[in-house]
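One structure below.
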Amino acid sequence: MTVGHISCKCGERIILDGKPMGRASFIENPHRYLRVHHIYSRLVHDPVQCALDCLVMLSCRSFNFRLRGNFDGKHHCELLAFDKFNNSVNFETSAEYHHYNIMSPCEHAPCQHGSMCVPLYETCGFLCHCSSEYAGKLCEVKAPAWLKVNAEDVCFGARDESYGEFTLQYSGKIMSFALAHLRGKVTCHVGGSSSFWGCQEGPDLRTFLTNEKNKVIFPQTSGIQRYRLPGVRSDSSRLIFNNLSVPLKVTRGQQFRIWYDEDLRNNSEKDNGGRTCMDIHALYI
Numbered sequence: 003m004t005v006g007h008i009s010c011k012c013g014e015r016i017i018l019d020g021k022p023m024g025r026a027s028f029i030e031n032p033h034r035y036l037r038v039h040h041i042y043s044r045l046v047h048d049p050v051q052c053a054l055d056c057l058v059m060l061s062c063r064s065f066n067f068r069l070r071g072n073f074d075g076k077h078h079c080e081l082l083a084f085d086k087f088n089n090s091v092n093f094e095t096s097a098e099y100h101h102y103n104i105m106s107p108c109e110h111a112p113c114q115h116g117s118m119c120v121p122l123y124e125t126c127g128f129l130c131h132c133s134s135e136y137a138g139k140l141c142e143v144k145a146p147a148w149l150k151v152n153a154e155d156v157c158f159g160a161r162d163e164s165y166g167e168f169t170l171q172y173s174g175k176i177m178s179f180a181l182a183h184l185r186g187k188v189t190c191h192v193g194g195s196s197s198f199w200g201c202q203e204g205p206d207l208r209t210f211l212t213n214e215k216n217k218v219i220f221p222q223t224s225g226i227q228r229y230r231l232p233g234v235r236s237d238s239s240r241l242i243f244n245n246l247s248v249p250l251k252v253t254r255g256q257q258f259r260i261w262y263d264e265d266l267r268n269n270s271e272k273d274n275g276g277r278t279c280m281d282i283h284a285l286y287i
């Protein structure tokens with residue numbers, strides 16, 4: 003049911019009788035009732051009036067509408083801050099009510115392997131909350147699995163806070179990251195030799211992965227200084243960090259950075275140069 007000719011244009015606002023309203027389409031769930039605490043209730047003439055009340059209240063995500071009216075023909079309307087997707091155990095059959103929820107992609111059950119779909123009403127999007135056995139945007143990948151997590155090429159330089167930044171595409175638990183070289187080199191001495199992950203070709207590595215607050219996540223070393231990894235050189239096409247002892251719990255949209263060590267320390271970087279670009283893969287478990 004589309005209420006009051008209001009289409010699903012997420013994130014927009016309209017004004018009705020001086021009150022801000024959202025734009026949404028509502029789906030009718032006949033003879034269903036979402037048994038959760040309501041944020042507001044009143045008597046209304048029809049489901050359209052109940053839906054308009056829901057749109058005025060920004061926290062409203064769905065409503066229950068009683069089919070039988072009282073002596074003056076009005077019906078009981080319950081506005082809810084929850085929806086059937088995150089409260090499926092409380093979504094019951096009912097002879098007395100219809101339930102209405104805001105339209106979202108979760109209606110089409112995009113999340114796989116029994117995972118929970120979480121609507122993002124502001125953007126008409128969704129998130130999948132995967133079980134521990136699966137990963138990926140739709141929980142379509144059997145864990146453990148290496149997944150590419152950057153949407154665009156990630157590039158970092160060696161001086162002047164020229165870190166590379168990427169945003170995770172998937173939630174879950176990560177054991178390791180792998181950096182796959184695409185192009186470019188960096189150096190600790192302009193005019194001298196250069197490499198993908200260090201200063202010059204050899205076993206010493208100087209590439210660090212941090213969170214958005216510049217806390218070092220990989221490698222697991224003491225201090226920000228050159229380090230070595232088994233089987234990896236500064237000119238290797240892939241830099242694979244050692245597994246964490248405890249998996250890193252991450253969420254979709256979380257940001258991470260790639261740094262050159264001297265740039266991260268803000269020390270001895272004046273004669274540094276170059277730029278390395280890469281794809282980034284994460285080991286989800």
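For reference, each letter of the sequence shown is one residue, going 3 to 287 in the working numbering.
Where is the CB? At the ideal position from N, CA and C, for every residue including glycine.
The model shown is predicted, which means the values in this text are computed figures rather than measured ones.
The C-beta separation of residue 136 from residue 94 comes to about 28 Å, leaving the pair out of contact by the 8 Å criterion. In terms of Cα proximity to residue 66, the closest of 88, 60, 73 and 42 is 42.
Per DSSP, residue 68 lies in no alpha helix (DSSP H); the unbroken beta strand (DSSP E) holding it starts and ends at 64-68.
Spanning the alpha carbons of residue 184 and residue 237 requires a straight line of approximately 12 Å. In terms of Cα proximity to residue 28, the closest of 98, 112 and 123 is 123. In summary, residue 30 is exposed, with fewer than 16 beta-carbon neighbours lying within 10 Å of its beta-carbon over all protein chains present. Straight-line measurement puts the Cα of residue 170 at about 7 Å from the Cα of residue 253. Between the segment 64-82 and the segment 111-129 there are fewer than three C-beta pairs closer than 8 Å, too few to call the two in contact. Following the DSSP letters along the chain, one finds residue 257 inside the beta strand (DSSP E) bounded by residues 257-262.
Beyond the five residues adjoining it in sequence on each side, residue 189 comes within less than 8 Å, by CB distance, of 160, 195, 196, 197, 201, 202, 274, 275 and 276 in the same chain, given in chain order. Residue state for residue 121 is assigned as strand, using DSSP reduced to three classes. For residue 54, the enclosing alpha helix (DSSP H) starts and ends at 49-58.
Membership of residue 46 in the beta strand (DSSP E) is indicated by the continuous run 40-46. In the structure shown, residue 163 adopts coil according to DSSP, grouped into three states.
Between residue 284 and residue 172, the C-beta spacing is below 9 Å. Excluding sequence positions up to five before and after residue 267, its CB lies within less than 6 Å of the CB of 226, all in the same chain and listed in chain order.
Only exposed fits residue 91, as fewer than 16 other CB atoms lie within 10 angstroms of its CB. As a beta-bridge residue in DSSP terms, residue 31 pairs with 101.
In the structure shown, residue 80 falls within a strand segment according to DSSP collapsed to helix, strand and coil. The Cβ atoms of residue 99 and residue 64 lie no closer than 9 Å to each other.
In this structure, residue 204 lies near residue 235, with their beta-carbon atoms less than 9 Å apart. When the alpha-carbon of residue 154 is set against those of 287, 39, 26 and 280, the nearest one is in 280. Three or more beta-carbon pairs drawn from the segment 102-115 and the segment 132-148 are found closer than 8 Å, and the two stretches are therefore classed as touching. In this structure, the alpha-carbon of residue 132 lies about 7 Å from that of residue 174.
About 23 Å separates the CB atoms of residue 79 and residue 108; that is not less than 8 Å, and the two are not in contact. For residue 271, same chain residues with a beta-carbon under 7 Å away, outside a window of 5 residues either side, are 160, 161, 264 and 265 in chain order.
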